[in-house]
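Written out below as structure tokens is the structure these notes cover.
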Amino acid sequence: MIELDDLLMQLWPQAQQYKPAIETLPLQQVYGRVLADSQHSAIQVPQHDNSGMDGYAVRCADFLQGMVFPVSQRIPAGKTPQPLEPGTVARIFTGAPIPPGADAIVMQEDTVLLDDGRVHFNHLPKLNAWIRRAGEDIARGQVVVEMGATLNAVRVALLASIGIAEVPVYRPLRAGVMVTGSELKNPGSSLEPGQIYNSNEFVWLGLLKQMGCEVRSVGIVPDNLRATVEALKSLSDCDLVISSGGVSVGEEDHVKPAVEQVGELQAWKIAMKPGKPMAFGKIDRAGQSPCWFFGLPGNPVSSALAFQLVVKPFVDLLSGQSLPTADWRSRMVQVTAQFEWLRPDTRRDEFLRVRVESGMATLFANQSSGVLTSLDQSTGVVRLKAGQTVTPGDALPYVSYQELMK
Ligand SMILES: Nc1nc2c(c(=O)[nH]1)N[C@H]1C(S)=C(S)[C@@H](COP(=O)(O)OP(=O)(O)OC[C@H]3O[C@@H](n4cnc5c(N)ncnc54)[C@H](O)[C@@H]3O)O[C@H]1N2
Ligand code: MOO
Numbered sequence: 001m002i003e004l005d006d007l008l009m010q011l012w013p014q015a016q017q018y019k020p021a022i023e024t025l026p027l028q029q030v031y032g033r034v035l036a037d038s039q040h041s042a043i044q045v046p047q048h049d050n051s052g053m054d055g056y057a058v059r060c061a062d063f064l065q066g067m068v069f070p071v072s073q074r075i076p077a078g079k080t081p082q083p084l085e086p087g088t089v090a091r092i093f094t095g096a097p098i099p100p101g102a103d104a105i106v107m108q109e110d111t112v113l114l115d116d117g118r119v120h121f122n123h124l125p126k127l128n129a130w131i132r133r134a135g136e137d138i139a140r141g142q143v144v145v146e147m148g149a150t151l152n153a154v155r156v157a158l159l160a161s162i163g164i165a166e167v168p169v170y171r172p173l174r175a176g177v178m179v180t181g182s183e184l185k186n187p188g189s190s191l192e193p194g195q196i197y198n199s200n201e202f203v204w205l206g207l208l209k210q211m212g213c214e215v216r217s218v219g220i221v222p223d224n225l226r227a228t229v230e231a232l233k234s235l236s237d238c239d240l241v242i243s244s245g246g247v248s249v250g251e252e253d254h255v256k257p258a259v260e261q262v263g264e265l266q267a268w269k270i271a272m273k274p275g276k277p278m279a280f281g282k283i284d285r286a287g288q289s290p291c292w293f294f295g296l297p298g299n300p301v302s303s304a305l306a307f308q309l310v311v312k313p314f315v316d317l318l319s320g321q322s323l324p325t326a327d328w329r330s331r332m333v334q335v336t337a338q339f340e341w342l343r344p345d346t347r348r349d350e351f352l353r354v355r356v357e358s359g360m361a362t363l364f365a366n367q368s369s370g371v372l373t374s375l376d377q378s379t380g381v382v383r384l385k386a387g388q389t390v391t392p393g394d395a396l397p398y399v400s401y402q403e404l405m406k
């Protein structure tokens, strides 16, 4: 068996070597994509010192002479102001440039407009009040979004705010999906005795789409070597293929020999629970970069967790994301156990499904890897080292499903 951390260290450098193709797209089409080159700002934001309020631009020193001033100019947003005449104030609106010579803004609620058009100020102004300084958001030349960042709504808006209309992004990965098992039926059809519904595929379709992959599925593949080999071959034009089931040790488990026929198996049996019989390898493609292969266990919880803990960071790295973003281990936090766990697995690290509220972790009662409801009714997993027992009050490393899928 391979330790999980050793497996990750074996996988990640391979993913980092992969160079996805780059395309340049308009901002409207880049949501969820990974940026292929850091974007610098050619301008400062804001461009000019500007007002944060509707009100008056004033010179503080003038208030030694009194509290009532005539208005010498009107500055709406978008207009270039004249220098502020001494002994006067300027009517100004939110976002409008500060006139040279003004050193504070007074909001209009703190003033009274007199019948003769002059303005009475209720209080002395505060130096620099309500002036938003040029460049206080973004300096000229600053990197605004780093290469490898996923372009979420705010980052796309940041690019827009510096006038960039199109950016280079990595081409989405093509993920191939197959689920093995002669006992499987798709939802919508009725079950014969001994059959079960295929649910694993539906976890992956959702997660892969959330990760921005283009997904192609061949669906259910019966438990025989020939059909498994054919399914692998038919998906080999993808960047990676994920299969479920058939990776254990029984005679009905054909995935490993099938991968060995069409490519190479690099790892099998990981010291983690759930998820032990996971396999990793490659499907050969003459003269092209490899098609990576993940054989995940059939048990629904094992398949979903192995996906989040092993496949997800690999796909993130293939997609061009940086290692710190991809490594969920650095995002683990400590929680306090409110449960007891006295029957640890002595050889594998265990991931227990728990519900965490205010830093307190309660255990989902049924930790079987066949119980899919456990994933819905827990918030994440705590990681135990092989042989580790838990008593209430113990501090445990925890990662939420939300954090795993970031
Ligand atoms: N003698 C041994 N038996 C098993 C071992 C072992 O080391 N020695 N490992 C166990 C562990 S751990 C796991 S996990 C499972 C994984 O086995 P497979 O990956 O070969 O999966 P299958 O046997 O094909 O299926 C397991 C289970 O999951 C259900 N399943 C399969 N596909 C789907 C799907 N698409 N949607 C929903 N459910 C699915 C399947 O019906 C089985 O109930 O092996 C243990 N055995
Ligand atoms: O490790 Mo298996 O994945 O227990 O369920």
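Each residue of the sequence shown is one higher than the last, beginning at 1 in full-length UniProt numbering. Don't be surprised by glycine CBs; every beta carbon is placed ideally from N, CA and C.
Residue environment analysis places S190 among the exposed positions, since fewer than 16 neighbouring C-beta atoms fall within 10 angstroms of its C-beta. Distance from the CA atom of V259 to the CA atom of I162, rounded to whole angstroms, is 49 Å. Distances from the CA of G148 to each of G117, S217, L225 and I22 were compared; the closest alpha carbon is that of I22.
D253 sits in coil when the DSSP states are folded into three classes, being neither helix nor strand.
Between F280 and V310, the alpha-carbon positions lie close to 10 Å from each other. Counting C-beta atoms within 10 angstroms of its own C-beta, H123 has fewer than 16 neighbours from the protein chains shown and is therefore classed as exposed. Classified as buried, Y170 has 16 or more neighbouring CB atoms from the shown chains inside 10 Å of its CB. Counting C-beta atoms within 10 angstroms of its own C-beta, K282 has 16 or more neighbours from the protein chains shown and is therefore classed as buried. Here D239 has L173 and R174 as same chain residues with Cβ atoms under 6 Å from its own Cβ, once five neighbours each way along the sequence are excluded.
Note that the C-beta distance between L396 and A337 is below 7 Å. Note on the UniProt domain "MoaB/Mog" (176-317): whole beta strand (DSSP E) runs with a minimum of 3 residues are 214-221, 240-244, 263-268, 279-283 and 291-296, in chain order. In this structure, DSSP gives S374 a helical state, which the three-state scheme calls helix. Between the C-alpha atoms of D345 and G387 there is a straight-line separation of about 6 Å.
Cβ-Cβ distances below 6 Å link E264 to G281 and K282 in the same chain, with the five nearest sequence neighbours on each side left out; the list follows chain order.
With a beta-carbon spacing of about 5 Å, A15 and L318 fall inside the 8 Å limit used to define contacts.
Cβ-Cβ distances below 7 Å link Q47 to A134 in the same chain, with the five nearest sequence neighbours on each side left out; the list follows chain order.
In this chain, the beta strand (DSSP E) harbouring V106 covers A104 to M107. The C-beta separation of V399 from R331 comes to about 6 Å, placing the pair in contact by the 8 Å criterion.
The region 80-152 contains no complete alpha helix (DSSP H) run of 4 or more residues.
Looking at the DSSP output, H40 sits in a beta bridge with V143. Under the DSSP assignment, Q10 falls in the alpha helix (DSSP H) whose first and last residues are L4 to Q17.
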